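Engineer: Respectively, the protein sequence lines represent chains A and B. Each residue of the first sequence is one higher than the one before, starting from 2 at the first, in this note's numbering. Each residue of the second sequence is one higher than the one before, starting from 2 at the first, in this note's numbering.
Number of protein chains: 2
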Amino acid sequence: MAGQNSGPGRRRPVQQRSLERYQRLLDACAGLLDEVGATALTTKEVAHRAQVPIGTLYQFFAGKEDLLAALAGRNLDRYLERLDHRLLEEAPAGTAGFTDLAVDEFVAMKRAVPGFGQVDFGLAGATVPAGVRDDRHLLDTDLDNNTAVALRLQALGGELFATADPAALTLALRVALEAADAVLKLAFRSAPDGDPALIAECKRLVRCYLAEQLGPR
Amino acid sequence: MAGQNSGPGRRRPVQQRSLERYQRLLDACAGLLDEVGATALTTKEVAHRAQVPIGTLYQFFAGKEDLLAALAGRNLDRYLERLDHRLLEEAPAGTAGFTDLAVDEFVAMKRAVPGFGQVDFGLAGATVPAGVRDDRHLLDTDLDNNTAVALRLQALGGELFATADPAALTLALRVALEAADAVLKLAFRSAPDGDPALIAECKRLVRCYLAEQLGPR
DNA sequence: AACAGAATGTGAGCACAACTCATGTCAATG
DNA sequence: CATTGACATGAGTTGTGCTCACATTCTGTT
Numbered sequence: 002m003a004g005q006n007s008g009p010g011r012r013r014p015v016q017q018r019s020l021e022r023y024q025r026l027l028d029a030c031a032g033l034l035d036e037v038g039a040t041a042l043t044t045k046e047v048a049h050r051a052q053v054p055i056g057t058l059y060q061f062f063a064g065k066e067d068l069l070a071a072l073a074g075r076n077l078d079r080y081l082e083r084l085d086h087r088l089l090e091e092a093p094a095g096t097a098g099f100t101d102l103a104v105d106e107f108v109a110m111k112r113a114v115p116g117f118g119q120v121d122f123g124l125a126g127a128t129v130p131a132g133v134r135d136d137r138h139l140l141d142t143d144l145d146n147n148t149a150v151a152l153r154l155q156a157l158g159g160e161l162f163a164t165a166d167p168a169a170l171t172l173a174l175r176v177a178l179e180a181a182d183a184v185l186k187l188a189f190r191s192a193p194d195g196d197p198a199l200i201a202e203c204k205r206l207v208r209c210y211l212a213e214q215l216g217p218r
Numbered sequence: 002m003a004g005q006n007s008g009p010g011r012r013r014p015v016q017q018r019s020l021e022r023y024q025r026l027l028d029a030c031a032g033l034l035d036e037v038g039a040t041a042l043t044t045k046e047v048a049h050r051a052q053v054p055i056g057t058l059y060q061f062f063a064g065k066e067d068l069l070a071a072l073a074g075r076n077l078d079r080y081l082e083r084l085d086h087r088l089l090e091e092a093p094a095g096t097a098g099f100t101d102l103a104v105d106e107f108v109a110m111k112r113a114v115p116g117f118g119q120v121d122f123g124l125a126g127a128t129v130p131a132g133v134r135d136d137r138h139l140l141d142t143d144l145d146n147n148t149a150v151a152l153r154l155q156a157l158g159g160e161l162f163a164t165a166d167p168a169a170l171t172l173a174l175r176v177a178l179e180a181a182d183a184v185l186k187l188a189f190r191s192a193p194d195g196d197p198a199l200i201a202e203c204k205r206l207v208r209c210y211l212a213e214q215l216g217p218r
């Protein structure tokens, strides 16, 4: 169910061995992210950790930026997959229940998944290579991550979001997403496992906003 | 009224000529930010634009990171100053009015002030030099920008925020601040002058959250 | 005015990271 | 066995952040 959601890498590996190396590179990248942070991360060290020569890294990824984007894409796919499972298991009623689940799962991944705390979905990291203006302009690719994620969340929520105006709901989800991401980043800056008070406030913020959005009841 | 709020630079200039060069460096940095973005910005080019030798730049700023932090600090000082003026002039009643003013002024600066769109207050950019753990641990310095800004906003708001629990209000302001910043960043990623729909949603988000916070009335 | 010593200014050069590309490897086909 | 082309490799190129030995300017004392 999780679509391929990586950045515009160089060559997508098709053979078995290459695929393993590709994943190993992402794993090494994630591990290093937690240890040294995004700015201090070097492509040489990532390649070294993954036991892959530096040239091979650049066959799969256009550069450091693209490597991080690919990791963010994998994170997003995994998050949506896990959220989907929990929605089926726990079957919450109403948007408040959905919100709590979505936030809790996000927090769980921030704690457990290497690198997730540094890049999560890369929402704010559009970061066009600087100087070169964006020239891709088709479908999914040109709406930034934010809208793409909002649409996928909306699909997951399904009947929980009963509304007469789906476009307005998409807008609201984009806003809620960006806001929640920022507040949770703050929560994890304040405490290693996420400040509980800030996590609670994050839920309150989103619930309150979405409640006003669809049916003021 | 605006306190000195720059990063932990190297030497603070005291002489007249040095002060001018210091400001010129920040101006050049801001201009370049808008043209090439943060990652493509080079210290050499900043120094060249400011007509200042590269060595001098490194006397004032510990590095590129610190240069950007200093710009963010100047942005914050200017913002609070301008917001303060508008609060006195327009004297809004209630938190909703305060919110609208605060957001509008922020948007105005995003449009008008060079570099503001790239770094604003540097809320998320704590970015410890990577590898070295933070060793300053006194007063203002160790609570990140977020808390510092929230407290200053709280002071500006003054009697508008009548509450029995000031600490809870500070927490709410920190959350609102981080969320609003993220949503407005999104608004300016979507459209050069800021997507009006997203700006409106930002106000709605903050108003709704703060209304629930202090006096559910 | 003349001088000493401190403070500040300067830019060639160093260390190191991102990224390339000529060469090497190897499997499939004629 | 020879030919071909896809894929793998890491020494080398380019260019950035940053330093440091030396030059210049300022400040206070006699």
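Cβ coordinates follow ideal geometry from the N, Cα and C atoms, glycine included. Treat the numbers as computed from the prediction; the structure is a model and nothing was measured.
Just reading off the alpha helix (DSSP H) that Val37 (chain A) is part of, what are its end residues?
Structural biologist: Unbroken alpha helix (DSSP H) run through Val37 (chain A): 17 to 37.
Engineer: Whole angstroms are fine: how far does the CA of Gln60 (chain A) sit from the CA of Phe99 (chain A)?
Structural biologist: Spanning the two alpha carbons is a distance of roughly 40 angstroms.
Engineer: From this set, B:Ala198, B:Leu69, B:Ser191, B:Leu178, which residue's C-alpha is nearest Phe107 (chain B)'s C-alpha?
Structural biologist: When only C-alpha atoms are compared, the closest one is B:Leu178.
Engineer: Nearest chain B C-beta to Asp145 (chain A) closer than 8 angstroms, yes or no?
Structural biologist: True, the Cβ-Cβ gap to chain B drops below 8 angstroms.
Engineer: Identify the contact partners of Glu202 (chain A) in chain B, using a Cβ-Cβ distance below 8 angstroms as the criterion.
Structural biologist: Chain B residues near Glu202 (chain A): Leu172, Ala173, Val176.
Engineer: Once the 5 residues before and after Leu68 (chain B) are set aside, which same chain residues still bring their CB inside 6 angstroms of it?
Structural biologist: Cys30, Phe62, listed in sequence order.
Engineer: Check whether the region 184 to 197 of chain A touches the region 15 to 24 of chain B, taking contact to mean three or more Cβ pairs, one atom from each stretch, closer than 8 angstroms.
Structural biologist: With a cut-off of 8 angstroms, the region 15 to 24 of chain B and the region 184 to 197 of chain A do not count as touching, because too few Cβ pairs lie within range.
Engineer: CB-CB under 8 angstroms to Leu157 (chain A), same chain, minus the five flanking residues each way: which ones, in chain order?
Structural biologist: Same-chain partners within the cutoff: Leu81, Leu84, Asp85, Leu88.
Engineer: Which residues in the same chain as Ala73 (chain B) place their Cβ atom closer than 6 angstroms to its Cβ, once the five residues preceding and following it in sequence are excluded?
Structural biologist: Result list for Ala73 (chain B): Val120, Phe122, Gly123, in chain order.
Engineer: What's the call for Glu90 (chain A), buried or exposed, on a 16-neighbour Cβ count within 10 Å?
Structural biologist: Burial call: exposed.
Engineer: In chain order, what residues of the same chain have a beta carbon less than 7 angstroms from the beta carbon of Leu187 (chain B), not counting five sequence neighbours either side?
Structural biologist: Within the same chain, Leu187 (chain B) has close Cβ partners Leu199.
Engineer: Hey, out of A:Val184, A:Glu160, A:Val176, whose CA is closest to Asp196 (chain B)'s CA?
Structural biologist: That would be A:Val176, whose Cα lies nearest to the Cα of Asp196 (chain B).
Engineer: Alpha carbons only, please: which of A:Thr43, A:Val53, A:Arg75, A:Arg13 is nearest the one belonging to Lys65 (chain A)?
Structural biologist: Minimum Cα distance to Lys65 (chain A) is reached at A:Thr43.
Engineer: Return helix, strand or coil for Pro93 (chain A), following the three-state DSSP convention.
Structural biologist: In the structure shown, Pro93 (chain A) sits in coil (DSSP, three-state: anything other than H, G, I, E or B).
Engineer: Could you tell me the alpha carbon to alpha carbon distance between Ala131 (chain B) and Gly38 (chain A), rounded to whole angstroms?
Structural biologist: Only weak support is given to the placement of Ala131 (chain B): the predicted model assigns it a pLDDT of 39, under 50, and the value that follows is read from those uncertain coordinates. So the two alpha carbons sit approximately 6 angstroms from each other.
Engineer: Between Leu33 (chain B) and Lys45 (chain B), what straight-line distance do the alpha-carbon atoms span, to the nearest angstrom?
Structural biologist: Cα to Cα, the separation comes out at about 11 angstroms.
Engineer: If the cut is a Cβ gap below 8 angstroms, which residues of chain A does Glu91 (chain B) touch?
Structural biologist: None at all; the shortest Cβ gap to chain A is about 26 angstroms.
Engineer: Given that Asp182 (chain A) touches chain B, what residues does it touch there, using C-beta distances under 7 angstroms?
Structural biologist: Correct list: Ala183.
Engineer: Where Glu36 (chain B) and Ala163 (chain A) are concerned, what is the direct C-alpha to C-alpha distance, given to the nearest angstrom?
Structural biologist: Approximately 44 angstroms between the Cα atoms of the pair.
Engineer: At least one CB of chain B closer than 8 angstroms to the CB of Ala151 (chain A): is that the case?
Structural biologist: By this cut-off, Ala151 (chain A) is not an interface position.
Engineer: Shortest alpha-carbon distance to Ala168 (chain A) belongs to which of A:Ala125, A:Ala51, A:Leu152, A:Pro93?
Structural biologist: The candidate whose alpha carbon is nearest that of Ala168 (chain A) is A:Leu152.
Engineer: Once DSSP output is grouped into helix, strand and coil, what is the label at Asp182 (chain B)?
Structural biologist: Helix.
Engineer: If we define contact as Cβ-Cβ less than 8 angstroms, is Arg83 (chain B) a contact residue for chain A?
Structural biologist: It does not: the Cβ of Arg83 (chain B) has no partner Cβ on chain A nearer than 8 angstroms.
Engineer: At 9 angstroms on the CB atoms, spell out the chain A contacts of Ala165 (chain B), in chain order.
Structural biologist: In chain order: nothing, as chain A lies at least about 18 angstroms away.
Engineer: The alpha helix (DSSP H) spanning Gln119 (chain A) covers which residue range?
Structural biologist: It spans 117 to 120 - the alpha helix (DSSP H) in which Gln119 (chain A) sits, taken as one unbroken run.
Engineer: Closest to Asp101 (chain B) by CA distance: which of B:Cys209, B:Leu215, B:Glu213, B:Gln214 is it?
Structural biologist: Ranking the options by Cα distance to Asp101 (chain B), first place goes to B:Cys209.
Engineer: So, helix, strand or coil for Gly195 (chain A), using DSSP?
Structural biologist: Coil at Gly195 (chain A), not helix or strand.
Engineer: Distance check for Val114 (chain B) and Val150 (chain A), CA to CA, integer angstroms please.
Structural biologist: Cα to Cα, Val150 (chain A) sits roughly 31 angstroms from Val114 (chain B).
Engineer: In angstroms with no decimal places, state the Cα-to-Cα distance between Leu170 (chain B) and Gln214 (chain B).
Structural biologist: Spanning the two alpha carbons is a distance of roughly 8 angstroms.
Engineer: Of all Cβ atoms in chain B, is any one closer than 8 angstroms to the Cβ of Leu206 (chain A)?
Structural biologist: Answer yes: the Cβ-Cβ gap between Leu206 (chain A) and chain B drops below 8 angstroms somewhere.
Engineer: Are Leu174 (chain B) and Gln155 (chain B) close, meaning C-beta to C-beta below 8 angstroms?
Structural biologist: Result yes, Cβ atoms of Leu174 (chain B) and Gln155 (chain B) sit closer than 8 angstroms.
Engineer: So, helix, strand or coil for Thr164 (chain B), using DSSP?
Structural biologist: Thr164 (chain B): coil per DSSP, three-state reduction.
Engineer: Label Arg75 (chain A) either buried or exposed according to how many other C-beta atoms from any shown protein chain fall within 10 Å of its C-beta, with 16 as the threshold for buried.
Structural biologist: Answer is buried; the Cβ neighbour count reaches 16.
Engineer: Is there a C-beta anywhere in chain A that falls below 8 angstroms from the one on Cys30 (chain B)?
Structural biologist: It does not; no Cβ of chain A falls within 8 angstroms.
Engineer: Under 7 angstroms Cβ to Cβ from Thr40 (chain B), same chain only, skipping five residues before and after it: list those, please.
Structural biologist: Result list for Thr40 (chain B): empty, nothing under 7 angstroms.
Engineer: Mind checking which residues open and close the alpha helix (DSSP H) that includes Ala48 (chain A)?
Structural biologist: Note, Ala48 (chain A): alpha helix (DSSP H), 44 to 50.
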